[in-house]
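Working notes, beginning with the structure itself.
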Amino acid sequence: MAAFGRAAGAAERALWRDHRAAGALHTALCVAGAATAAAALSRAAGALAGGRGTACAGALVTWTVLGGSGLRREAGAVAAALEAGDVEAARGLLPRLCGRDPRTLDADAIARAVVESVAENTSDAVVGALVWGAAAGAPGMAAFRAVNTLDAMVGHRSPRHLRFGWAAARLDDAAGGPGARLTAALAALAGPSPLGAVRAWRADARRHPSPNAGPVEAAFAGALGVRLGGTLSYGGRIEHRPVLNSRGRPVRTADIDRAVRLSRRVGTLALAVTTAAGALLRTYRGARRAHRATSAASAGRGGPGEG
3 MAAFGRAAGA AERALWRDHR AAGALHTALC VAGAATAAAA LSRAAGALAG GRGTACAGAL
63 VTWTVLGGSG LRREAGAVAA ALEAGDVEAA RGLLPRLCGR DPRTLDADAI ARAVVESVAE
123 NTSDAVVGAL VWGAAAGAPG MAAFRAVNTL DAMVGHRSPR HLRFGWAAAR LDDAAGGPGA
183 RLTAALAALA GPSPLGAVRA WRADARRHPS PNAGPVEAAF AGALGVRLGG TLSYGGRIEH
243 RPVLNSRGRP VRTADIDRAV RLSRRVGTLA LAVTTAAGAL LRTYRGARRA HRATSAASAG
303 RGGPGEG
């Protein structure tokens, strides 16, 4: 994904104009490029080694786009710094996880930022990619992660990207919806407090400014019994977000590890669900193709004899 980010950055520099059409073109070219590259890799591997080659190509794309292990590693590094009492080191590590301004954050605020990032990125970097992989194979998975990466790069309300990033942000909202709802449901299923997760999801998800982060962060908050949301700072811009799971307690450093473990369980369940769903979908599509082929053959045999 780092190579894609560099290519998308170069494309932005070439295409940037302060209006939505330029951003839409940038988004379309980058997403189509990622999907085309994944499809070409799958076709080439299939031509060389048949079904095994296609499977290996799919595994390579999956390994490339899934970000679960990196997410857990970065969260663990921040937690280790906080546990050692080194708040400055934790502040320095936080930008690897999120775009929040860490300069004024204390230990508890850093821990809350990490838990929120773990929740949101479990959906974006793991579950959402698996959902689109099940629906559309390696090209779908690559396209989803391309959309997600573009949203992080240009889909925010800075003066440069307010209009240019509009298409990436809207496409990310649409593409991330199924994965976000599955993530929230699996967090409720796998978390220590299923009832708390469902309650917070239903009560607070719509209050979040993001239609996809809301369900995920609310479900994680309820499952872990903590409060998320509140005042945030992004590049000097202050945001006052609604509190998610007001019944919960403030986040502590130890909750980072709890969030990471919940993220791992959610990812494992998502892999099982999407693998099964993908197999069923492939079976259904194969049956439809076989039915159409049979119908076409029957029509061809019957045509000359009519009349």
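If you read the sequence shown in my numbering, its first letter stands for residue 3, the second for the next number, and so on. All C-beta atoms, glycine included, are put in the ideal place defined by N, C-alpha and C.
Runs of alpha helix (DSSP H) with 4 or more residues, each lying fully within the region 63-147, are found at 70-85, 89-95, 109-124, listed in chain order.
Using a Cβ distance threshold of 8 Å, V156 and A177 do not count as a contacting pair. The Cβ atoms of M3 and T124 lie no closer than 8 Å to each other. In chain order, A199, A225, L264 place their CB closer than 6 Å to the CB of G193, counting only its own chain and leaving out the 5 sequence neighbours on each side.
Using a 10 angstroms sphere on the CB of H242, the tally of other CB atoms stays under 16, which defines it as exposed. Under DSSP, the beta-bridge partners assigned to H242 are T233. Straight across, the Cα-Cα distance linking S195 with I112 is about 23 Å. Per DSSP, reduced to three states, the secondary structure at R251 is strand. Looking at the DSSP output, V275 sits in no beta bridge, so it has no partner there. Residues P213, N214 of the same chain have their beta carbon placed closer than 8 Å to that of G179, with the five preceding and five following residues left out of the count. Scanning its chain for C-beta atoms nearer than 6 Å, with the 5 sequence neighbours on each side dropped, one finds around W134 the residues G142, M143, F146, in chain order. Comparing C-alpha distances from R15 to each of A154, L271, L132, R162 shows the shortest one belongs to R162. Approximately 5 Å separates the beta-carbon atoms of L188 and L271; this is inside 8 Å, confirming the contact.
DSSP places D174 inside the alpha helix (DSSP H), whose first and last residues are 168-192.
In this model, A34 and R183 are separated by some 25 Å (Cα to Cα). Counting every other CB atom within 10 Å of its CB across the protein chains shown gives S44 a total of 16 or more, marking it as buried. Following the DSSP letters along the chain, one finds V200 inside the alpha helix (DSSP H) bounded by residues 196-206. Beta bridge pairing from DSSP links V228 with R251. Assignment of P161 by DSSP, reduced to helix, strand and coil, places it in the coil class. Distance from the CA of A131 to the CA of D174, rounded to the nearest whole angstrom, comes to 12 Å. With 16 or more other CB atoms across the displayed protein chains lying within 10 angstroms of its CB, S119 is buried.
Around the beta carbon of R287, fewer than 16 other beta carbons lie within 10 angstroms, which makes this residue exposed.
For R15, the uninterrupted alpha helix (DSSP H) run begins and ends at 4-17, by DSSP. Inclusion of G250 and V268 in the CB contact set at 8 Å is not warranted, their separation being larger than that value.
Separation of the CB atoms of L73 and A127 is rounded to 6 Å, and the pair is thereby assigned contact status at 8 Å. For the pair E76 and L27, the Cα-to-Cα distance works out to about 33 Å.
About 34 Å separates the beta carbons of D110 and V275, which is beyond the 8 Å limit, so they are not a contact pair.
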